[in-house]
Structures are given as C-alpha cells and as structure tokens.
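**Q** A single structure is presented below for examination.
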Amino acid sequence: MLIADRISLQIGAKVLLDEVSLALHPGEVLAVLGPNGAGKSSLLRSLSGELSPQSGTLSLNGRPLPAWYPGQVARMRGVLPQSSALAFRFSVREVVLMGRSPHRKTHGHARNLAITAQALALTDTAHLAERIYTTLSGGERQRVQLARVLAQIWEPCGEWHRYLLLDEPTSALDLAHQHAVLAIARRFADTQNTGVLAILHDLNLAALYADRIAVLQHGRLAAVGTPAQVLTGELIRRVFAYPVSVGSHPLYPERPLTIPHMLRRADTAGRENG
Amino acid sequence: MSASSFSNPRLPAWLMLVGGHRSGLLLGLWLILGLTCLLVLGNGVVTIGPGQAVAILADGLGLQTGWPFSREQQIVLLAIRAPRLVLGLLVGASLAISGAAMQGLFRNPLADPALIGISSGAALAAVAVIVLQNTLFAGLTALLGQYLLPVAAIGGGFAVSWLVYRLAGSGDRLDIGSLLLAGIAINALAGSATGLLVYIADDDQLRTLTFWSMGSLTGVGWDSVLLGAPFLALNLLLLPLLADPLNALLLGEAEAGHLGFPVERIKAAAVALVALGVGAAVALTGVIGFVGLVVPHLLRLALGPDHRWLLPGSALLGATLLLWSDYLARNLAAPAEVPIGIVTGALGSPFFLWLLFRQKLMGQ
C-alpha cells in the first residue's frame with residue numbers, strides 16, 4: 007500500500023493539508039476530487055515525495071518513503087505531472103523511452119524499446135512516435151506523458167506492488183480520450199494489480215471508473231468511500247458550493263450520475279459578493 | 104541506443120549525405136577535427152605540410168615514416184604549435200560541453216556560461232589573483248603557487264553559478280528572463296570590480312590583464328597545458344556521465360526525481376563540473392565567449408537534444424570551432440594576432456541575435 011498517515015503540510019502561513027490520512031490499495035482506482043485549492047495536488051505531491059509534510063508519515067509497500075532509494079521507488083511508482091516543462095525537440099519515442107531509465111541496467115535496450123512501443127500503442131499515440139514532442143497539441147502531449155509513466159511501471163517489480171499517481175490526467179483531453187485514459191488506469195488496476203490514484207474534476211468520470219472516491223476540502227479529507235457512498239447531493243452541494251441533482255447512471259445503476267443545475271444571474275451576483 | 108531505429112526527421116537532407124544517423128555524424132566530427140588539427144599545426148611563419156606534421160608526431164613516438172622534415176620544423180611544431188593546439192582543443196571542448204550541460208541544467212538553450220556570468224566570475228577571481236597575488240593573497244600564493252590562478256578562477260566560476268542558480272530558480276521552473284538578467288547584473292558587477300582592480304594594477308600587470316581579458320592562446324607552452332589539463336580533462340570525462348539525468352531533467356526536476364535520479368546531487372555535480380571546466384579555461388586563456396552557446400545549438404539541430412550524443416558532439420565541434428577561431432585570430436591581421444575572444448565574439452553575437460529573433464518569430 008501507499009499510505010499517507012495524518013500528514014499536514016504548511017507553506018508560509020497557508021495550511022495546504024491538515025491531518026490527511028489516505029491509503030492507496032493495490033488493484034484499486036482511487037479518484038481524488040475537490041474544489042480548486044482544496045489540497046488535491048499537495049496530497050499527490052506529498053505521496054510522490056516532491057513535498058515533505060511537516061508532520062505525519064508516508065509509507066510505500068510497508069516501509070517509510072524516505073527509507074527507499076530513489077531508484078527503487080522509481081520502479082514501483084509512476085507519477086504523471088499536471089503539465090510538463092519539456093521544451094526541447096525530443097521525438098515522442100525518445101520521451102516515452104525516458105520512462106524506462108530506471109530499468110536501463112536490468113533490461114536490454116530492445117526490451118525497453120518494445121515496452122515503449124506497447125505503451126505508445128496503449129495510449130493511442132503510436133502514430134506520433136516519430137513526431138517532435140514540442141509540436142504536439144496539449145492533449146497529445148498529455149497522452150505521451152501518460153505513455154512515459156506507464157512504460158516506467160510496465161512490468162511487475164519483484165514482489166512489490168506498483169502505483170500510479172495521475173495529476174489531472176484528463177484535463178486537456180476530448181471526451182473519447184478522457185474515457186480511454188481512465189479505461190487504461192482501470193485496466194492497469196485490474197490486470198496488473200496496480201494502485202491508481204487520479205485527481206479528477208469530472209464527478210461523473212470519477213463515478214464511472216473509480217472503486218473509491220476521496221473528497222478534499224480546505225486541506226482536509228471531507229469524505230472517502232465508494233462512489234455511491236460519497237457522491238451524494240448533500241456532500242457535493244456542501245463541498246463544491248454548487249446545486250446539483252444526483253441520480254443513478256441509466257446503464258450502470260450502481261454508479262451515481264451528477265447533474266449540475268443551471269446558474270442564474272442572481273446566483274452569480276450573490277457568489278461574487280460572497 | 105540503436106541509431107538505426109530512429110529515422111531522424113530533424114536532419115536536413117544535405118546532412119543525410121554525411122551519415123544517415125547520429126553515429127555517422129559523430130564520426131564526421133572526429134574527421135573534421137583531425138583535419139583541422141593538421142591545418143593548424145601547419146599554419147605559421149614556418150610552413151609544415153600535413154604529411155610532415157604527421158611525420159614529426161610519429162617521430163616523437165619513435166616511428167619512421169620516411170617523410171622528410173627539418174629540425175626547425177620539428178622544434179616549432181613540438182614546442183610551440185603542439186601545446187597551443189592541445190590547449191585550444193581542451194578549452195574549446197570544455198567550453199562547448201559545459202555550455203551544453205548548462206543548457207540542460209537550466210532547461211534553456213540560451214544558457215551560455217559566459218552569458219550568465221560564470222566566465223566573468225571566474226575572470227574576476229583570476230584578475231584579483233593577478234593584481235593582488237603579492238599583496239593581499241601573498242599567503243595563498245605561497246601555499247598554492249602557480250595553481251592559485253586556476254583554483255581561484257574555478258572558485259569564482261562556482262560562486263557565480265550557484266548565485267545565478269539561486270537567483271533565477273523560482274520553484275521548479277527556471278525563468279529565462281531572470282536568468283539572463285541575473286547574468287547581466289553579475290557581468291556588470293564583475294566588470295566594475297575588475298575595472299577597479301585594473302585601475303590599481305601596475306604596468307606589468309596591466310599588460311597581462313588586457314591581453315588575457317580578451318582571450319588568447321598566444322604564448323602558451325606545455326607548462327600551462329599541464330597546469331590546466333587535469334581540470335579540463337575532469338570536466339570532459341565526467342560531464343558525459345551525466346547525460347541520462349540531464350535528459351530526464353529536461354522533463355522537469357520533479358519528473359527526473361520520479362524517474363529515480365538523485366536530482367540535487369546531479370545538479371550540484373553539473374554545476375561543479377561546469378565551474379571546473381569554465382574556470383580552468385578562463386584561467387588559462389581568458390574569456391572566450393559564445394563557444395558554449397553556438398556549438399550545442401548547431402548540434403541540437405543535427406543530433407537532437409539527447410545528451411548522450413549532444414555532450415560528446417559538443418566537445419568535438421567546440422574543439423574544432425576554437426581551433427578555427429584561433430586560426431583566424433592568427434591570420435586576420437598577420438603578423439599581428441587578434442585576441443581570439445574578439446573572433447568568437449564577432450562570430451557568436453550575430454548568431455545569438457539570430458537565435459533570439461528566431462525564438463520570437465516562433466512565438467516561444
């Protein structure tokens with residue numbers, strides 16, 4: 007498991023995370039929801055080791071996170087950033103191949119190239135392989151970065167479970183690719199027993215693909231549980247401060263379907279004053 | 104990396120003739136460098152043909168080629184031209200590979216060690232040593248002897264690299280604007296401090312300073328080569344080992360960390376090695392600008408940004424470019440010599456402007 011135990015994070019006077027406890031289990035898709043500034047990215051960046059919480063502990067596969075070597079962690083955990091700073095003219099294949107750098111000592115180049123090709127195919131980017139990364143659209147870049155992270159944790163890592171942390175993996179994608187990306191996450195969880203944590207903004211996307219949903223508000227965990235347990239009209243109205251109706255999906259009745267109401271002018275004025 | 108698995112779309116058609124892939128290009132660079140060396144060895148008041156140059160070098164190794172050469176040619180080549188050639192090779196290679204590494208570290212193709220102030224930091228330290236070695240630094244002079252100059256220049260380069268890094272690095276993204284502004288500020292600061300030192304220097308020191316501050320390979324002997332070679336060799340041998348992490352750093356620092364690279368240690372190592380190379384180069388030949396900017400840039404067009412090819416390629420082309428610049432410096436106003444820094448500056452600054460315009464046109 008990848009566990010955050012009562013972590014608190016503060017930068018300056020701003021409290022980003024306040025005693026958050028959350029465990030990511032192998033084989034599950036865990037969606038993290040919450041309004042802007044609720045601490046979703048801070049939580050993910052704590053789990054990824056980028057930020058060090060002032061209190062609380064983080065552990066990976068039964069050992070405190072700092073006790074692992076960086077190279078070991080890289081073989082167990084892939085992290086998809088929200089956006090990438092890459093401004094150099096690498097080909098798409100070269101970018102995805104970088105995901106194999108933690109395995110360069112243990113795997114031959116041919117094997118790493120083969121995995122790269124499979125990751126490209128899985129993310130529907132094989133046709134882009136020879137393109138220059140910087141010439142791609144935002145959505146294409148996001149899928150290529152996903153391919154890179156998938157290539158990184160493509161194969162079992164001995165006895166250790168693998169984890170995937172995705173920071174808004176669907177933000178730049180069209181409808182079909184949003185679902186394709188979450189289907190890939192689902193498949194990695196089901197067939198590879200990988201634990202997937204994804205920050206999402208679309209409640210319905212989360213409801214369809216996640217085993218569990220965690221909702222953050224003001225740096226605290228507001229709710230965690232199955233989509234049906236968490237996505238209630240009451241909770242959404244409270245956390246997101248927005249009126250919705252919640253029904254159930256016509257095809258998958260156990261999955262909740264959130265339907266936002268229309269915002270009227272009077273409400274906008276009220277919100278601006280508040 | 105099997106080069107054949109990449110049909111490189113960046114490669115212009117005319118370069119395809121040289122070699123369809125990156126190893127072919129590197130081979131071509133070796134070849135051009137070799138020919139340049141022969142040309143440079145033969146150029147001067149005493150003419151030495153390429154065959155004679157090879158014969159003299161072979162003779163030094165105890166091999167007979169049967170090619171006739173005179174005693175005078177032998178002395179000129181071995182005592183004057185060879186050390187100058189070796190120093191030019193090492194300095195050019197070091198400056199270019201340091202530029203390439205710096206640009207990887209800062210994730211910006213405009214980060215040249217001279218432009219962002221590393222060279223002037225090294226120069227300031229070196230000037231301080233030249234002017235103050237018998238007064239303020241007398242103790243250090245006694246302790247380090249002739250090594251004081253390179254050590255001080257390396258220290259100056261290191262201090263500036265670190266300062267610039269702190270100034271320009273806000274969070275996980277380095278802002279090129281602040282980077283270049285930091286460079287301007289530091290260049291100005293170092294410039295005025297150097298000016299002050301020049302002002303208090305005596306005539307003898309002044310002659311050394313003017314000559315040296317514009318960059319020159321004039322009058323180097325084997326002693327200066329031996330003095331600088333260890334530092335430059337360390338820079339040249341160790342920087343290529345950072346190719347993989349530098350590639351990962353181009354993705355972003357956090358991403359490189361997620362791929363398992365010890366980012367802070369890599370950054371510190373890269374900065375230290377660049378300061379080592381640039382500091383030693385400045386100590387021996389003065390400030391020679393733009394090599395570290397022009398060379399990696401040209402090579403990225405041909406080889407792509409992968410540091411595993413870019414770093415060795417930069418070393419080769421940097422050495423070639425510096426030898427050609429030195430060749431021009433010696434022949435433009437013969438028999439007088441133009442300082443080589445003026446030549447690289449004249450070649451490099453239009454190139455830099457062109458780069459800026461191109462970036463602006465491409466809207467980056």
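Those protein sequence lines, which keep their order, are chains R and A.
The letter at position 211 of the first sequence is residue 217 when you use the working numbering, and the numbering goes up by one with no holes.
The letter at position 197 of the second sequence is residue 300 when you use the working numbering, and the numbering goes up by one with no holes.
Glycine included, each C-beta is placed from N, C-alpha and C at the ideal position.
Quantities reported herein were computed from a predicted structural model and do not represent experimental measurements.
Across which residues does DSSP place K20 of chain R in a beta bridge pair?
**A** As a first step, residue 20 of chain R must be located in the first sequence, where it is residue number 14. Looking at the DSSP assignment, K20 of chain R forms a beta bridge with R:I17.
**Q** Per DSSP, which residues does L36 of chain R bridge with? Please list them.
**A** Here the question's residue 36 of chain R lines up with position 30 in the first sequence. Partner(s): R:L203, R:R218.
**Q** Quick check on DSSP: helix, strand or coil for P348 of chain A?
**A** Counting from one through the second sequence, the residue named residue 348 of chain A turns up at place 245. Looking at P348 of chain A - three-state DSSP - the assignment turns out to be helix.
**Q** What do you get for L404 of chain A, buried or exposed, if any count of 16 or more other CB atoms within 10 angstroms of its CB means buried?
**A** Numbered from its first residue, the second sequence carries residue 404 of chain A at position 301. L404 of chain A comes out exposed.
**Q** Any beta carbon from chain A within less than 8 Å of G68 of chain R's own beta carbon?
**A** As a position in the first sequence, residue 68 of chain R is number 62, starting the count at 1. No, because no Cβ of chain A sits closer than 8 Å to the Cβ of G68 of chain R.
**Q** I need the DSSP call for Q198 of chain R, collapsed to helix, strand or coil.
**A** In the first sequence, the residue the question calls residue 198 of chain R occupies position 192. Of the three classes helix, strand and coil, the one that applies to Q198 of chain R here is helix, per DSSP.
**Q** Under 8 Å, Cβ to Cβ, is there at least one residue of chain R near M104 of chain A?
**A** Locating residue 104 of chain A in the second sequence gives position 1, where the first residue counts as 1. Because the pLDDT at M104 of chain A is just 37, under 50, the model does not fix this residue reliably, and the point stays unresolved.
**Q** Give the secondary structure of Y268 of chain A by DSSP, where H, G and I count as helix, E and B as strand, and everything else as coil.
**A** Along the second sequence, read from residue 1 onward, the residue named residue 268 of chain A stands at position 165. Residue state, collapsed to three classes: helix.
**Q** Tell me the rounded alpha-carbon separation between A91 of chain R and G145 of chain R.
**A** Position 85 of the first sequence, counting from 1, holds the residue named residue 91 of chain R. Position 139 of the first sequence, counting from 1, holds the residue named residue 145 of chain R. The alpha-carbon atoms of A91 of chain R and G145 of chain R are separated by roughly 15 Å.
**Q** At a Cβ cut of 7 Å, what residues of the stretch 319-351 of chain A count as close to chain R, listed as they run along the chain?
**A** Listed by position along the chain: D347, N350, A351.
**Q** Kindly indicate if chain R contains any beta-carbon less than 8 Å away from that of Y357 of chain A.
**A** Looking up residue 357 of chain A in the second sequence gives position 254. The question names Tyr, but residue 357 of chain A in the sequence shown is Ala. By this cut-off, A357 of chain A is an interface position.
**Q** Is there a C-beta anywhere in chain R that falls below 8 Å from the one on G363 of chain A?
**A** Within the second sequence, the letter at position 260 stands for residue 363 of chain A. Yes, because at least one Cβ of chain R sits closer than 8 Å to the Cβ of G363 of chain A.
**Q** Residues in the stretch 405-417 of chain A with C-beta within 7 Å of chain R's C-beta atoms, listed in sequence order?
**A** The stretch 405-417 of chain A vs chain R, Cβ under 7 Å: G407, P408, D409.
**Q** Within 10 angstroms of its Cβ, does T447 of chain A collect 16 or more other Cβ (buried), or is it exposed?
**A** Within the second sequence, numbered from 1, the residue matching residue 447 of chain A stands at position 344. Flag for T447 of chain A reads buried.
**Q** For A229 of chain R, write down the residues that DSSP places opposite it in a beta bridge.
**A** Counting from one through the first sequence, the residue named residue 229 of chain R turns up at place 223. A229 of chain R is bridged to R:V221.
**Q** Write down the C-beta distance between G395 of chain A and S201 of chain A rounded to the nearest angstrom, noting that I regard them as a contact closer than 8 Å.
**A** Here residue 395 of chain A refers to the residue found at position 292 of the second sequence. Here residue 201 of chain A refers to the residue found at position 98 of the second sequence. Confirmed, about 6 Å.
**Q** What are the partner residues of L8 of chain R, as DSSP defines its beta bridges?
**A** The residue you call residue 8 of chain R lines up with position 2 of the first sequence. Answer is R:L30, R:L66.
**Q** With a threshold of 16 other CB atoms inside 10 Å of the CB of V202 of chain R, please say whether the residue is buried or exposed.
**A** Locating residue 202 of chain R in the first sequence gives position 196, counting from the first residue. By the 10 Å Cβ count, V202 of chain R comes out buried.
**Q** From the beta carbon of L420 of chain A, is the nearest beta carbon of chain R less than 8 Å away?
**A** Here the question's residue 420 of chain A lines up with position 317 in the second sequence. Judged by the 8 Å Cβ criterion, L420 of chain A is not in contact with chain R.
**Q** Let me see if you follow: with CB-CB separation under 8 Å, is L283 of chain A close to chain R or not?
**A** Position 180 of the second sequence, counted from the first residue, corresponds to residue 283 of chain A. So, not an interface residue.
**Q** Using a Cβ cut-off of 9 Å, which residues of the stretch 41-70 of chain R contact any Cβ in chain A, in chain order?
**A** Under the 9 Å Cβ criterion, the stretch 41-70 of chain R contributes R51, S54, G55, E56.
**Q** Quick one: which chain R residues come within Cβ less than 8 Å of G360 of chain A?
**A** For the purposes of this step, residue 360 of chain A is taken as the residue at position 257 of the second sequence. Those within 8 Å of G360 of chain A in chain R are G55, E56, P76.
**Q** Am I right that L312 of chain A and V301 of chain A are in contact with their C-beta atoms under 8 Å? What's the rounded C-beta distance?
**A** Translated into the one-based positions of the second sequence, residue 312 of chain A becomes position 209. Translated into the one-based positions of the second sequence, residue 301 of chain A becomes position 198. Their Cβ separation, rounded to whole angstroms, is 6 Å, which keeps L312 of chain A and V301 of chain A in contact under 8 Å.
**Q** Taking R210 of chain A as the query, report the chain R residues whose CB atoms sit under 9 Å from its CB, ordered along the chain.
**A** Within the second sequence, residue 210 of chain A is the residue found at index 107, counting from 1. Those are A91, L92, A93, F94, listed as they occur along chain R.
**Q** Using the rule of at least 16 other Cβ atoms within 10 Å of the residue's Cβ for burial, across every protein chain shown, is F460 of chain A buried or exposed?
**A** Translated into positions along the second sequence, residue 460 of chain A becomes position 357. Counting Cβ neighbours within 10 Å, F460 of chain A comes out exposed, since fewer than 16 surround it.
**Q** Beta-carbon within less than 6 Å of V192 of chain A's beta-carbon, same chain only, minus the 5 sequence neighbours each way: which residues are those?
**A** For the purposes of this step, residue 192 of chain A is taken as residue 89 along the second sequence, with counting starting at 1. Note on residue identity: the sequence assigns Leu, not Val, to residue 192 of chain A. For L192 of chain A, where only same-chain residues beyond five positions count, the Cβ hits under 6 Å are A422.
**Q** What did DSSP end up calling P249 of chain R once you bin it into helix, strand or coil?
**A** Taking the first sequence and counting its residues from 1, the one referred to as residue 249 of chain R is at position 243. In this structure, P249 of chain R counts as coil in the three-state DSSP scheme.
**Q** What residues of chain A sit near V85 of chain R, judged by a beta carbon separation below 7 Å?
**A** Stepping through the first sequence from its first residue, residue 85 of chain R is reached at position 79. Result: H361.
**Q** Strictly under 8 Å for the Cβ-Cβ distance: is L129 of chain A near chain R by that measure?
**A** As a first step, residue 129 of chain A must be located in the second sequence, where it is residue number 26. Judged by the 8 Å Cβ criterion, L129 of chain A is not in contact with chain R.
**Q** For the beta strand (DSSP E) that contains G84 of chain R, what are its first and last residues?
**A** What you label residue 84 of chain R is simply residue 78 of the first sequence in a count that begins at 1. Counting along the chain, the beta strand (DSSP E) containing G84 of chain R begins and ends at 83-86.
**Q** Taking C-alpha atoms, which residue in A:V148, A:W457, A:P399, A:L283 lies nearest to N434 of chain A?
**A** What you label residue 434 of chain A is simply residue 331 of the second sequence in a count that begins at 1. Measuring from the Cα of N434 of chain A, the nearest candidate turns out to be A:V148.
**Q** Note the first and the last residue of the continuous beta strand (DSSP E) segment covering P266 of chain R.
**A** Taking the first sequence and counting its residues from 1, the one referred to as residue 266 of chain R is at position 260. 262-266 is the span of the beta strand (DSSP E), which, as asked, contains P266 of chain R.
**Q** Taking only beta-carbon atoms, is E278 of chain R less than 8 Å away from chain A?
**A** Within the first sequence, numbered from 1, the residue matching residue 278 of chain R stands at position 272. Here E278 of chain R scores only 45 on pLDDT, less than 50, and its place in the model should not be relied on; the value that follows carries that caveat. No, its Cβ sits nowhere closer than 8 Å to a Cβ of chain A.
**Q** Look up C140 of chain A in the DSSP assignment and give the residues it is bridged to.
**A** Against the second sequence, residue 140 of chain A aligns to sequence position 37. None, per the DSSP bridge assignment.
**Q** Against L353 of chain A, what residues of chain R qualify as contacts under a CB-to-CB distance less than 7 Å, listed in chain order?
**A** Counting from one through the second sequence, the residue named residue 353 of chain A turns up at place 250. Within chain R, the residues near L353 of chain A are L92, F94.
**Q** Comparing alpha-carbon positions, which option in R:D24, R:R99, R:A204 lies nearest V85 of chain R?
**A** What you label residue 85 of chain R is simply residue 79 of the first sequence in a count that begins at 1. When only C-alpha atoms are compared, the closest one is R:A204.
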